Structure formats: C-alpha cells, structure tokens
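Report on one structure; see the data block that follows.
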Amino acid sequence: MKLKSKTARRLRHHTNPFTFREEDLVLPNWDQLLGGPPEEADIGIGLGDFLAEYASLHPGVRLVGMEVRSAFCAEARLRLKEQQLSNAAVIHVDATRYLTRVLPPNVLRRVFISFPDPWFKKRHAKRRLVNDDFVKQLHQVMATNSELFVQTDQEHLAMEIPARLEATGYFRNRMGSGHEVAEPITEARTERERFYLKRGWKIWRYLFDRIDAPRSHDKK
Ligand SMILES: C[S@@+](CC[C@H](N)C(=O)[O-])C[C@H]1O[C@@H](n2cnc3c(N)ncnc32)[C@H](O)[C@@H]1O
Numbered sequence: 049m050k051l052k053s054k055t056a057r058r059l060r061h062h063t064n065p066f067t068f069r070e071e072d073l074v075l076p077n078w079d080q081l082l083g084g085p086p087e088e089a090d091i092g093i094g095l096g097d098f099l100a101e102y103a104s105l106h107p108g109v110r111l112v113g114m115e116v117r118s119a120f121c122a123e124a125r126l127r128l129k130e131q132q133l134s135n136a137a138v139i140h141v142d143a144t145r146y147l148t149r150v151l152p153p154n155v156l157r158r159v160f161i162s163f164p165d166p167w168f169k170k171r172h173a174k175r176r177l178v179n180d181d182f183v184k185q186l187h188q189v190m191a192t193n194s195e196l197f198v199q200t201d202q203e204h205l206a207m208e209i210p211a212r213l214e215a216t217g218y219f220r221n222r223m224g225s226g227h228e229v230a231e232p233i234t235e236a237r238t239e240r241e242r243f244y245l246k247r248g249w250k251i252w253r254y255l256f257d258r259i260d261a262p263r264s265h266d267k268k
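Numbering (this note's numbering), first residue to last: 49 to 268.
Shown next as structure tokens:
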C-alpha cells in the first residue's frame, strides 16, 4: 500500500469491524454529496487508490467508497480532494451491518469488493465482510441487471465467497459456477492488487450477475 500522510503510514491494516457502533453511523445526503444516489460502489476501499483512479476514469459515474476505518476514510477523502474528483464520496460504515441503512434500494449498477478479508482464522470468521446478511443487503441495494466484481488473494475465500453468493440464490457467476473471470473488468487497480501483481502472486477474480427474482428470495 502506498501511504500518503504520516498518519496513514502509522495505520494498521486490519481492524475489527465491530468497533464501529451504530452511533457512529452518519446517514448520507446523496443529493448534497453526489447530486443523486451512487450508481457504483467499492466496498472496503482501504486508502482509496482504486476509488480515485476509477472516479477519474469514469467522470460521469456517481461513485461511493465504503470503509469501516475512519482514518482510511480521511485518507481516501484527501485523495479525492487533491485530485478534484467530485463524482466520488467516501462513507464511514461497517458495510456488513449497515449497507441498507446508507443506500436506497436498487441503485447500484456495479459493485467492487477487492481483497475484503484479512480474517483467515476460524475464530475471526464472524468479522468477515461477505456473510449471508451482507449478501442479502447487497442484493437489495443493487439494481436490475447489475454486476458484482470480487477479487481475493486468499484461496479459501476464493472458494467460500463465490459459493456463499450463489448459495443465497441472489447472484449467479457469469462464467459458470466456480469459474474465475479471465481479466479485471476495469483498468483501475487497488493497492493490494498492485502489490500482488508486482510479485506475480495469484489473484482469484469473479464476476456475478444479480438475479432479479431469486427463487429463494421469499424464504430469506
Ligand atoms: C485488505 S484491505 C483491501 C483494501 C482495498 N480494497 C485494496 O484492494 O487494496 C480490506 C479493507 O476492507 C475494509 N473492511 C473490512 N471489513 C469492512 C466492513 N465490514 N465494512 C467496510 N469496510 C470493511 C478494511 O478496513 C480494509 O480497508
């Protein structure tokens, strides 16, 4: 990760998302922030390199970055300000618990989740971003014909996340069950992605379509 400010250089990269409390939640005014609800989202933005690069590549898209670490949010906002990118906003939130509180239903056409979970130990599994409740909320805030891009460097998550997404009945792997997508879907790169690409390490990437009327929907 390339860190900008002295504060950012001192930051640990992992935080327990449960340190975010409901009182910390600030409900965004999307008209004020972006001139309307966001159309695309990056969830778990880290320091916001991808957010800024994607926003500059797509100036006509209203973009939101969500991050549970307030110091990372501040750093990402700084990047957007420095680069004068007014089509992207950063929201401080535990996306796993409060996604449907900060976003209106059926707005997102594209969602990115990149290297979401440092929590490989079993006892920390409950801290993971992509759990069943999150997937259900994600389905609610995504629009008809929308897509979800997920990438990870962790082999067990590369099996677990796609299986979970498909098991809920809310998402379908565009490449066929269990299959990776050959290329990233944008030129923008995340901090982690650059780190792994430089070293030639394996990255698992998946592309999902939101299923509009999943059979299991009524049961969930
Ligand atoms: C390993 S970093 C990856 C950052 C960036 N996406 C990248 O690829 O470089 C995972 C990020 O997700 C954030 N995160 C983890 N759980 C989250 C949650 N429940 N809500 C919002 N952000 C979360 C972490 O704070 C961290 O910044």
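Glycine residues also receive a C-beta, built at the ideal position from the N, C-alpha and C atoms. Keep in mind that this is a model prediction, so the values were computed, not measured.
Can you have a look at residue i and say buried or exposed, based on whether 16 or more other CB atoms are within 10 angstroms of its CB?
| i | result |
| --- | --- |
| Ser225 | exposed |
| Ser162 | buried |
| Ala143 | buried |
| Asn193 | exposed |
| Ala211 | exposed |
| Asp79 | exposed |
| Arg247 | exposed |
| Pro76 | buried |
| His227 | exposed |
| Arg58 | With a pLDDT of 48 at Arg58, under the threshold of 50, the predicted position of this residue should be treated as unreliable, though the coordinate-derived value follows. Burial call: exposed. |
| Thr200 | buried |
| Val116 | buried |
| Leu205 | buried |
| Leu245 | exposed |
Going by CA-CA distance only, name the one from the options that's closest to residue i.
| i | options | result |
| --- | --- | --- |
| Arg157 | Phe182, Gln132, Val109 and Thr200 | Val109 |
| Asp72 | Ala89, Gln185, Lys129 and Arg149 | Arg149 |
| Phe219 | Val198, Arg237, Glu231 and Leu105 | Val198 |
| Glu231 | Ala122, Thr216 and Trp252 | Trp252 |
| Lys184 | Pro76, Glu70, Pro262 and Glu88 | Pro262 |
| Met114 | Lys129, Ile91 and Ala122 | Ile91 |
| Asn221 | Tyr254, Ala206 and Met207 | Tyr254 |
| Phe256 | Val159, Asn135, Thr67 and Leu151 | Val159 |
| Ser134 | Ala119, Tyr102 and Val178 | Tyr102 |
| Val189 | Arg258, Glu203, Met207 and Tyr244 | Arg258 |
| Trp249 | Pro164, Phe182 and Gln202 | Gln202 |
| Leu95 | Leu245, Arg176, Ala137 and Val74 | Ala137 |
| Ser118 | Phe68, Glu214 and Ala206 | Phe68 |
Just how far apart, CA to CA, sit residue i and residue j?
| i | j | result |
| --- | --- | --- |
| Glu235 | Leu81 | 25 Å |
| Thr216 | Pro85 | 26 Å |
| Arg125 | Gly83 | 17 Å |
| Asn154 | Tyr146 | 15 Å |
| Glu70 | Ile139 | 14 Å |
| Glu241 | Leu196 | 17 Å |
| Cys121 | Ile209 | 25 Å |
| Thr238 | Lys129 | 18 Å |
| His106 | Pro152 | 22 Å |
| Met223 | Val229 | 6 Å |
| Ala191 | Asp181 | 18 Å |
| Val141 | His187 | 18 Å |
| Leu177 | Pro164 | 6 Å |
| Val112 | Glu87 | 8 Å |
| Arg175 | Glu214 | 20 Å |
| Pro97 | Ser104 | It should be noted that the sequence gives Asp, not Pro, for residue 97. Cα to Cα, the separation comes out at about 11 Å. |
| Ala89 | Ile233 | 14 Å |
| Met207 | Glu123 | 32 Å |
| Ala100 | Ile93 | 10 Å |
Would you list the one or two residues that DSSP bridges to residue i?
| i | result |
| --- | --- |
| Leu151 | The partner list for Leu151 (beta bridge, DSSP) is empty, contrary to what the question assumes. |
| Ser162 | Gln199 |
| Met190 | Leu156 |
| His204 | Paired residue(s): none; His204 is not in a bridge. |
| Asn221 | Phe256 |
| His140 | Glu115 |
| Asp90 | Gly113 and Phe160 |
Can you find a C-beta in chain D that's less than 8 Å from the C-beta of residue i?
| i | result |
| --- | --- |
| Met223 | In the structure shown, chain D cannot be found, because there is only a single protein chain. |
Next on the checklist: Runs of 4 residues minimum, wholly inside the region 96–127: which ones carry the alpha helix (DSSP H) assignment?
Outcome noted: 97–105
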